[in-house]
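This report refers to the structure that appears directly beneath it.
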Amino acid sequence: MIEVPQVPKKKGKKPQLNPATHQLSVLASGTLSKGAFLCSVLSENPEHFHLAFRVGMFGLEMARPPASTKPLEVKLANQETDLVNLLKKLPLGPRELQILRTRAQEIKDGTIKSRGEAMLPIMLASFIFDALVIPSIVGRDRSKIVLRLPTDESLAYEAAVVALGLKANVSEADHPLLCEGTRRQRGELAIALLTFYKDDSYKICRIMEKLLDKEVHQLIKTPLISPYYTNNPPIHHMKEREGESSAMPTSPFIPGAEGIATECTTGSRPHSSTSAEVEQGMGALSVGTSINALGQGVNSRTKDGRYKKRAYPSIPNQPSEAGAHFMFELAKTVLNKAGGSSSTSLFTQPSTTQTHHGPHRGLHMCAFQMGLYALGLHNCVSPNWLSRTYSSHVSWITGQAMEIGAAAICFLIDTWEGHLTPPEAASIADRASRGCDTNMVNAAANLALSVLPHSHALNPNEIQRAILQCKEQSDDMLEHACLTVETAAKGGGVYPEVLFQVAKYWFELYVRYTPGGEQLIDIEVPMTDCLIDPHTQLVALIEQPVGPDVPVTATPVVVTTAPPLYPHGAPPVGMYVSHYNFVPAHPGATAGAFGG
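Letter 358 of the sequence shown, counting from 1, is numbered 358 in my numbering, and no numbers are missing.
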């Protein structure tokens with residue numbers, strides 16, 4: 001590979017061309033043009049099929065630096081696509097298949113990782129998968145397909161999966177069209193793999209692991225599991241979460257300090273980052289990506305400053321706005337392949353041409369995860385995403401989650417932080433809880449519980465609705481929800497009426513699990529006039545005369561007695577009557593006050 005010298009940058013809007021790079025780009029374009037011409041001419045004679053194949057393979061394997069100009073980059077990408085289309089029309093004999101097997105093995109073993117520093121062998125891997133796996137191609141002799149070996153499919157699949165995970169050492173800020181072309185090649189290969197193996201959940205899982213690159217953006221810390229792409233949602237994952245939360249003390253409903261600390265630090269979402277960590281990361285990213293823009297003079301407002309310009313990362317393989325847009329469009333494409341609709345309209349006319357069995361579940365889940373991944377990429381380049389009030393991406397993700405059901409809601413429990421704001425996650429949980437599917441309602445309650453640690457970012461209605469979802473499931477979840485809200489309130493920001501409602505839930509649990517607790521509600525306050533001293537020193541009770549011998553006009557007897565002793569500084573009798581309609585049963589309270 002030729003070392004291209006760097007040209008010093010000069011002031012001005014038009015970038016300076018590197019003569020060496022431009023010469024190599026023109027030479028590469030001419031080579032691809034001549035190769036396509038030779039491949040087309042040689043393919044007309046059956047005796048020259050193998051030579052045409054070798055010429056086409058040379059073009060796919062040719063290394064080159066990034067193009068010097070954007071038009072040249074587009075031209076080179078189109079020329080490579082035309083060359084692949086010519087190769088697909090050639091019949092494949094034993095020699096051609098053997099060459100493809102050799103290249104597939106080299107990609108699988110890591111011998112072929114790139115075509116220079118900028119180009120990746122993604123189109124080569126796509127052609128190999130097409131030649132060794134796809135059943136039939138237009139123009140290809142069907143009799144030649146019998147020459148395939150039983151191991152060809154596995155070899156081509158492994159090579160394609162490895163190619164999906166390859167990365168180029170090129171900056172998107174310097175070569176945006178090259179990065180976009182690489183993304184499109186990767187997307188086409190991913191669609192080909194997903195549609196062919198849509199009924200194999202294990203292979204789909206491996207494809208998604210490579211496609212949703214964790215080094216660019218971490219969708220979920222734990223590995224993806226194949227049951228997500230089957231007709232049986234992974235309810236066991238949700239049961240495990242319930243088992244973890246059941247470790248909290250349930251009776252009596254007074255947890256220890258260790259239990260609260262453990263739950264709030266590890267039991268909420270062990271596989272996701274908190275919003276505070278996300279804010280710190282967004283702040284650091286915004287400083288790193290916008291420092292160049294700030295250094296170009298913010299005081300002088302030029303004519304070009306009024307137009308928004310995409311900020312491309314200067315470091316290779318980093319989140320970008322273009323990458324987020326592409327991934328979201330790829331999610332829509334996969335959804336269409338699955339037989340679903342990307343429309344978020346509430347009132348749609350059902351089509352008579354569509355089948356009624358619904359979208360393919362595996363591909364539908366893939367599209368949902370791609371959309372969530374795209375939203376995470378978008379958040380990485382949007383420092384103020386936590387304060388957004390509406391997002392079309394979120395509406396699309398919400399609609400797909402409602403269609404998929406419990407599997408999507410369970411997936412959101414561990415992944416919503418860093419992708420959705422707390423109100424958005426609470427809204428999805430509320431909407432999912434209104435269905436008839438028991439598994440989905442249970443998953444929605446767990447999702448609502450996972451949002452409660454961020455009660456400071458929710459309004460009272462959202463918090464109370466989330467607590468009510470937990471209450472409808474079990475008393476254990478209600479206890480867990482109350483503890484979570486109280487812990488979140490220690491930092492401030494939680495409305496007082498929410499804490500008052502939590503106190504009422506605590507009292508309900510106390511009454512339910514205390515022997516004879518129902519009597520606390522049934523106790524009626526005696527029909528006496530209670531005069532409570534403001535300083536809580538004396539309690540005066542005016543007793544009405546009792547008995548037939550005492551006339552009605554008799555003077556009432558006033559008995560003054562000291563209040564009962566409360567060992568823990570408990571409030572006086574009657575303070576909670578207006579709140580809970582009961583009198584606390586303190587030792588000696590009834591006897592001391594009413595002369596019993």
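Cβ coordinates follow ideal geometry from the N, Cα and C atoms, glycine included.
Bear in mind that the values here come from a model prediction, so they are computed numbers and not experimental data.
query	result
Indicate the three-state DSSP secondary structure (helix, strand or coil) for residue 119 in the structure shown.	strand
CB-CB under 8 Å to residue 165, same chain, minus the five flanking residues each way: which ones, in chain order?	210 and 213
With distance defined between alpha-carbon atoms, name the residue in 191, 412 and 38 nearest to residue 228.	412
Residue 16 by DSSP, collapsed to three states: which one?	coil
Do residue 365 and residue 409 have their beta-carbon atoms positioned less than 8 Å apart in this structure?	no
For residue 324, collect the residues of the same chain with a Cβ closer than 6 Å to its Cβ; drop the 5 residues on either side in sequence, then sort them by chain order.	374, 377 and 378
Measuring CA to CA, which of 456, 473 and 512 is closest to residue 491?	456
Which residues bound the alpha helix (DSSP H) around residue 483?	475-489
Would you kindly report the start and end of the unbroken alpha helix (DSSP H) that includes residue 452?	Here residue 452 belongs to no alpha helix (DSSP H), and DSSP marks it neither H nor E.
With distances taken Cα to Cα, identify the nearest neighbour of residue 512 among 18, 203, 331 and 475.	475
Using the C-alpha atoms, what's the distance from residue 396 back to residue 371?	8 Å
Could you pull out every residue in the same chain whose Cβ sits closer than 6 Å to the Cβ of residue 386, ignoring the five residues on either side in sequence?	421
Can you look up residue 90 in the DSSP assignment and give me helix, strand or coil?	coil
Alpha carbon to alpha carbon, what distance is there between residue 226 and residue 330?	21 Å
Would you decide whether residue 315 is buried or exposed? Buried here means 16 or more other CB atoms lie within 10 Å of its CB.	exposed
Closest to residue 205 by CA distance: which of 321, 217, 190 and 61 is it?	190
Can you find a heavy atom of the ligand ZN that lies under 7 Å from the Cβ of residue 334?	The ligand ZN is not part of the structure shown, which contains no ligands of any sort.
Run through DSSP, which three-state label would residue 370 get?	helix
Excluding sequence positions up to five away, which residues of its chain have a Cβ less than 8 Å from the Cβ of residue 110?	162
If you count every other CB in all the chains shown that lies within 10 Å of the CB of residue 126, and 16 or more means buried, which is it?	buried
Among residues of its own chain, excluding the 5 on either side of residue 72, which ones have a beta-carbon nearer than 6 Å to its beta-carbon?	25
On the DSSP letters alone, give me the boundaries of the alpha helix (DSSP H) that residue 205 sits inside.	201-211
Cα-Cα, which of 358, 116, 47 and 78 is closest to residue 93?	47
Can you tell which of 231, 154 and 119 has the C-alpha that lies nearest to the C-alpha of residue 133?	154
Given that a residue counts as buried once 16 or more other Cβ atoms are within 10 Å of its Cβ, and exposed if not, what is residue 486?	buried
Nearest to residue 436 by CA position, among 105, 149, 403 and 414, is which residue?	403
Please list, in chain order, all residues of the same chain as residue 445 whose beta carbon is under 8 Å from its beta carbon, the five residues on each side excluded.	429, 433, 469, 470, 472, 473 and 477
Give the secondary structure of residue 506 by DSSP, where H, G and I count as helix, E and B as strand, and everything else as coil.	helix
Within the same chain, show all residues whose beta-carbon is closer than 7 Å to that of residue 499, passing over the 5 residues directly before and after it, in chain order.	489
Compare the beta carbon distance of residue 86 and residue 29 with 8 Å and say whether it is the shorter of the two.	no
Helix, strand or coil for residue 62 per DSSP?	coil
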